[in-house]
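In the working numbering, the protein residues as written are 790 to 1315. By construction, the Cβ of each residue, glycine as well, lies at the ideal position given by its N, Cα and C atoms. Heads up: the structure comes next, in structure tokens.
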């Protein structure tokens, strides 16, 4: 069936109820719209040639609206019809379990999708998948799908050769995954940069077939093409930069090493809570030999040996992102991280690493100038450790996300006025972090110490007036009731504030809610 020429298609503006427009634009940042208008593209003239030209901002807005609306909303009157009528504008499509994907697959104009997520679709029909890929495979850049044991994989293989633009492939919850099928996909699409095999049972094999050349089935082919079986050609390296194995069942370290051996440009490795494997010093040493460019690691809730992180931070200098939530990290490990990666470290998540002390937090704040994200929830930070006047946070020009539990130890003698001096010092350090967007403070109702900050006007809240970029403030775990005057001050001082988590004063909770709603109904209050 031939598709109509794009010049003949004149998309109309969407006719939606006002409340639906309001709902959509709440989740549609203008920065994303402008960026998308500059980089997005649309097919012109000949769909087979996949020629591209820039989208106008208005057309991009419409395409983003249709791609952002959750598929559960397709049952609303007129919304599904609008989706089908504007199918040529869709660039990003994310489906929920109740999506009517089969209706969209019949639209011949729907051939410009670049990002497709159909992982959650229930009972995905093979014919529907085939029609969608037939129309969109040449321009597909990101694809997320849940494959079954047979037909879905065969359908995907049939379109792999035409996916020349594919850069992200997510094959999670794959039923009946085999090492041969993984090898087929990677050998056919070596240009993939992000690969996810998370939530899969990978324990029956070790991907050792990736270390061998594909077998030549026909002996005549060897003779006719002058193939020398004694000197095989070197294996073609993959272009994978990001590998995701979250919650996969893995019994052998060799599986990861064999896959990574074909990925010399690997920069990011994510292994959150993988079952059946305990990462060792030997594993990370071998990984450093085959993937020397690794700069981003995520080992959240991952079982490791005691010396694993010490080895990691030694042999991988220049780490940029480290996420190790809930690990057995020690103070000595943080010392090595700061020594080898202090100049490059940008994001660090050490939440609930309960073996760490306050000194480790202070070292990070004082020696990592490019740090933009620090999540240290569950780790006590004693501001008393900032003894010298020169103990300043060097990350104040870069930090954008900060989660600290600033606690003073109980049952200690404090001189008169010492607590106020400590509190003022913390306010001073926070006030210098003028790029802060997300600030979360407090340890909740715990017996580990006393929350030194109250974020009240009577204790120095005015010192934070310089934080003009603040968008989210979560101080609910400070165990201090916030008054209406303090909420009004926050709303007037921080014009970008979008979310506010506070512990409401019992006598003024309704007044606080009214004050926030009066200022802006778009602000989320919890």
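Residues bridged to residue i (per DSSP)
i: residue 1263; result: 1229 and 1290
i: residue 898; result: None; residue 898 has no bridge partner.
i: residue 990; result: 1038
i: residue 904; result: 881 and 931
i: residue 1093; result: 1068
i: residue 1025; result: Its beta-bridge partners do not exist; DSSP assigns none.
i: residue 1239; result: 1197
i: residue 876; result: Answer by DSSP bridge pairing: none, since residue 876 is not bridged.
i: residue 1162; result: 1136 and 1190
i: residue 1031; result: 983 and 1057
i: residue 1270; result: 1292
Unbroken alpha helix (DSSP H) run spanning residue i, endpoints
i: residue 925; result: 915 to 925
i: residue 1303; result: 1298 to 1308
i: residue 1086; result: Where residue 1086 is concerned, there is no enclosing alpha helix (DSSP H), although the beta strand (DSSP E) it sits in stretches over 1085 to 1087.
i: residue 1114; result: Looking at the DSSP string, residue 1114 is not in any alpha helix (DSSP H), and its letter there is neither H nor E.
i: residue 1278; result: 1273 to 1282
i: residue 1155; result: 1147 to 1156
i: residue 1122; result: 1120 to 1130
i: residue 940; result: 940 to 949
i: residue 1252; result: Residue 1252 -> no alpha helix (DSSP H), and no H or E assigned at all.
i: residue 1216; result: 1207 to 1220
i: residue 1143; result: Counting along the chain, residue 1143 falls outside any alpha helix (DSSP H), and DSSP gives it neither H nor E.
i: residue 1312; result: Premise fails: residue 1312 is in no alpha helix (DSSP H) and is neither H nor E.
i: residue 969; result: 968 to 977
8 Å contact criterion, which residue i and residue j should meet: CB distance rounded
i: residue 1160; j: residue 1142; result: That pair is no contact at about 16 Å.
i: residue 1250; j: residue 1267; result: Residue 1250 to residue 1267, Cβ: 12 Å. No contact.
i: residue 1136; j: residue 1110; result: 4 Å
i: residue 1278; j: residue 1256; result: Between residue 1256 and residue 1278 the Cβ distance is about 12 Å, and since that is not below 8 Å, they are no contact.
i: residue 1101; j: residue 1082; result: That belief does not hold up - the Cβ atoms of residue 1101 and residue 1082 are roughly 15 Å apart, past 8 Å.
i: residue 1032; j: residue 984; result: 6 Å
i: residue 1262; j: residue 1286; result: 7 Å
i: residue 1169; j: residue 1194; result: 6 Å
Euclidean distance between Cα positions of residue i and residue j
i: residue 1122; j: residue 1099; result: 5 Å
i: residue 998; j: residue 972; result: 7 Å
i: residue 1061; j: residue 1247; result: 43 Å
i: residue 1105; j: residue 1075; result: 12 Å
i: residue 1306; j: residue 893; result: 40 Å
i: residue 1049; j: residue 982; result: 13 Å
i: residue 1222; j: residue 1214; result: 13 Å
i: residue 1093; j: residue 1069; result: 6 Å
i: residue 1224; j: residue 1182; result: 13 Å
i: residue 1163; j: residue 1153; result: 9 Å
i: residue 976; j: residue 936; result: 18 Å
i: residue 1132; j: residue 1085; result: 15 Å
i: residue 1144; j: residue 964; result: 39 Å
i: residue 1134; j: residue 957; result: 25 Å
i: residue 1208; j: residue 1140; result: 26 Å
i: residue 1196; j: residue 887; result: 47 Å
i: residue 836; j: residue 911; result: Here the model assigns residue 836 a pLDDT of 37, short of 50, so the residue's position is not dependable, and the following value carries that caveat. Between residue 836 and residue 911, the C-alpha separation is close to 30 Å.
i: residue 1176; j: residue 1240; result: 19 Å
i: residue 1138; j: residue 1157; result: 14 Å
i: residue 1024; j: residue 1229; result: 49 Å
i: residue 843; j: residue 990; result: Confidence at residue 843 is low in this model, with a pLDDT of 46, below 50, so its placement is unreliable and no value can be given for it.
i: residue 1127; j: residue 1090; result: 22 Å
i: residue 1053; j: residue 942; result: 27 Å
i: residue 923; j: residue 1051; result: 30 Å
i: residue 1151; j: residue 1271; result: 28 Å
i: residue 1118; j: residue 926; result: 44 Å
i: residue 873; j: residue 909; result: 20 Å
i: residue 889; j: residue 986; result: 26 Å
i: residue 828; j: residue 930; result: The predicted model places residue 828 with a pLDDT of 39, which falls under 50 and marks its position as unreliable, so this point remains unresolved.
i: residue 1298; j: residue 1108; result: 45 Å
i: residue 1313; j: residue 1302; result: 10 Å
i: residue 1045; j: residue 959; result: 17 Å
i: residue 860; j: residue 880; result: Residue confidence is low: residue 860 scores 47 on pLDDT, short of 50, so the model does not pin down where it sits. No coordinate-derived value is stated.
i: residue 1066; j: residue 1039; result: 6 Å
i: residue 918; j: residue 1226; result: 41 Å
i: residue 962; j: residue 945; result: 15 Å
i: residue 1001; j: residue 969; result: 12 Å
Residue range of the beta strand (DSSP E) that includes residue i
i: residue 958; result: 957 to 959
i: residue 985; result: 983 to 985
i: residue 1137; result: 1136 to 1138
Q: Would you list, in sequence order, the uninterrupted beta strand (DSSP E) runs of no fewer than 3 residues that lie entirely inside the region 1170 to 1200?
A: Correct list: 1190 to 1197.
Q) Can you list the alpha helix (DSSP H) stretches of 4 or more residues lying completely in the region 1034 to 1078, in chain order? A) The qualifying runs are 1042 to 1049.
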